[in-house]
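Before any comments, here is the structure.
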Amino acid sequence: MIGSLRKENIVNRPARRDGTPARKNRQETSGRAVKNSSQPAHFSRSAQQKRTSASRKTRSTGIVTPQRGNKNPLPRTSSARPSRHQMVTPDNPVNVQDPSPRCPQEIRLQKYLAQAGVASRRVSEELIAAGRVQVNGEVVRQQGVKVNPANAIVHVDGERVIAREEHVYLVLNKPRGYLSTMADDQGRPCVGDIVAERVHAGQRLFHVGRLDQDTEGLLLLMNDGELAHRLMHPSYEVPKTYLATVRGVMGQRDARKLRQGIVLDDGPIAADELQIMDTLDGKTLLRVVVHEGRNRIVRRMLAEIGFPVIELVRTRLGGVTLGNQRSGSLRKLSSKEVASLYEAVHL
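Take 1 as the starting number for the sequence shown in the UniProt record's numbering and just add one per residue.
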């Protein structure tokens with residue numbers, strides 16, 4: 001009797017001043033606290049405020065925070081962005097096949113080879129004519145054949161080549177005595193010896209134009225066939241600057257003659273600019289600017305008026321300068337220099 005009364009008093013113990021039920025009642029009613037509408041109003045509002053606050057935090061930050069005490073917390077999602085090289089942009093396309101039925105635009109085979117870094121367009125045409133290029137297992141000798149870069153299988157000398165978007169632009173200070181070629185059958189020193197490690201590592205490079213064996217200075221190396229083709233083409237008139245040491249004392253009359261133009265065996269030629277820099281011990285230092293790339297053109301035009309060249313250094317091509325670069329060394333072109341070359345050939 002006494003025990004039952006004590007139990008009844010504990011169960012029916014009055015609520016506290018703040019409106020919350022006694023400890024025993026709170027434990028018994030905690031499981032149905034949300035559903036019981038007879039609970040104090042401020043308890044329901046407090047729970048609703050917590051849920052609203054959590055919802056606002058989720059919308060503002062994008063991060064779902066697991067509630068304390070939950071056995072199965074919600075997964076945490078991050079709002080971090082991918083790094084730049086992981087982002088899909090026009091310069092960094094996703095490396096998957098396009099599921100749409102639209103086919104990529106076909107391009108000429110020589111342009112494909114140039115984009116693959118095999119050679120310039122002109123040299124690529126020579127490779128095609130020589131029967132050294134295969135497309136989908138068949139030798140192609142006809143010029144102007146078009147291929148689909150998405151599915152064409154192209155081989156040059158039995159090695160497959162793939163058109164790449166990543167280009168390499170280098171400037172070499174070619175030493176005197178080196179040939180402007182990637183290999184020489186007679187074992188003479190050549191530009192290919194300087195970049196041998198890069199070539200062995202799988203990097204395709206070719207030189208833009210040539211410097212004769214006795215001429216030193218700036219020589220561009222790249223795998224961008226389209227840019228190389230335009231830089232070498234005389235119609236774009238990309239200026240090339242040389243410092244020439246000639247035998248004899250040149251006067252303004254002779255300099256004016258070269259600026260006005262002379263006639264050589266292979267046609268007329270004129271210097272875009274010619275400046276007498278210094279005269280010493282029967283020699284003259286000249287600054288010569290031409291836009292043509294004919295063989296030994298600066299040496300021949302100076303010899304034609306009686307001033308044979310003793311030393312010749314190319315110091316500038318378009319917007320790229322040699323500066324204080326050490327002889328035989330390589331450096332990468334800056335983005336500004338590459339942009340200046342593209343602008344010079346209207347790309």
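Where a beta carbon is used, it is the ideal one built from N, C-alpha and C, also for glycine.
Of the other Cβ atoms in all chains shown, 16 or more fall within 10 Å of the Cβ of GLN110; this residue is therefore buried.
Proximity of the segment 260-274 to the segment 176-194 falls short of the contact definition, fewer than three beta-carbon pairs being nearer than 8 Å. For GLY217, the uninterrupted beta strand (DSSP E) run begins and ends at 216-222, by DSSP. Around the beta-carbon of MET277, fewer than 16 other beta-carbon atoms lie within 10 Å, marking it exposed.
Fully enclosed beta strand (DSSP E) runs of no fewer than 3 residues occupy 240-247 and 262-264 of the segment 217-266, in order along the chain. Pairing ALA339 with GLY187, the inter-Cα distance amounts to about 36 Å. Rounded to the nearest whole angstrom, the C-alpha separation of GLY251 and HIS346 is 37 Å. Put simply, of THR284, LEU227 and MET232 the residue whose alpha carbon is nearest the alpha carbon of ALA255 is THR284.
Taking the CA atoms as reference points, ASP157 sits about 7 Å from VAL133. Counted as a single uninterrupted DSSP element, the stretch harbouring MET277 is not any alpha helix (DSSP H) but the beta strand (DSSP E) occupying residues 273-280.
Between the segment 222-240 and the segment 110-123, the count of Cβ pairs shorter than 8 Å is three or higher; the stretches touch. Excluding the 5 residues flanking it on each side, ILE162 has same chain C-beta neighbours closer than 7 Å at ALA116, in chain order. Listed in chain order, the beta strand (DSSP E) runs fully inside the UniProt domain "RNA-binding S4" (107-167) are 133-135, 154-156 and 159-161, counting runs of at least 3 residues. Out of VAL171, ASP224 and VAL135, the CA that lies nearest to the CA of LEU218 is found in VAL171. For LEU341, the uninterrupted alpha helix (DSSP H) segment begins and ends at 335-344.
Put simply, of VAL246, ALA244 and VAL290 the residue whose alpha carbon is nearest the alpha carbon of GLN260 is VAL290. For the pair ALA183 and SER124, the Cα-to-Cα distance works out to about 17 Å. In the same chain as GLU292, and ignoring 5 residues on each side of it, the C-beta atoms closer than 8 Å to its own belong to PRO234 and ILE269, in chain order. Note that the C-beta distance between VAL309 and ARG316 is not below 8 Å.
Between the C-alpha atoms of ASN223 and PHE307 there is a straight-line separation of about 37 Å. Measuring C-alpha to C-alpha distances from ARG204 to each of GLN213, LEU341, TYR169 and GLU304 identifies TYR169 as the nearest.
In this structure LEU264 touches MET301 by the C-beta definition: roughly 7 Å separates them, less than 8 Å. Looking at the DSSP output, VAL199 shares a beta bridge with no other residue. One Cα belongs to PRO189, the other to GLN213, and the distance between them is close to 10 Å. Burial is judged here by how many other beta carbons sit within 10 angstroms of a residue's own beta carbon; ARG314 has at least 16 and is buried. Counting the other Cβ atoms within 10 Å of the Cβ of HIS207 gives 16 or more, which makes it buried. Note on geometry: alpha-carbon atoms of ARG294 and ARG210 lie some 9 Å from one another. By DSSP's assignment, ARG314 forms a beta bridge with GLY217 and TYR242. Where ARG299 is concerned, the enclosing alpha helix (DSSP H) starts and stops at 297-304. Distances from the alpha-carbon of ALA130 to those of ASN136, ARG141, GLY282 and ARG121 put ARG141 closest.
In this structure, ARG331 is the residue among ALA150, ARG108, TYR342 and ARG331 with its C-alpha nearest to the C-alpha of LEU221.
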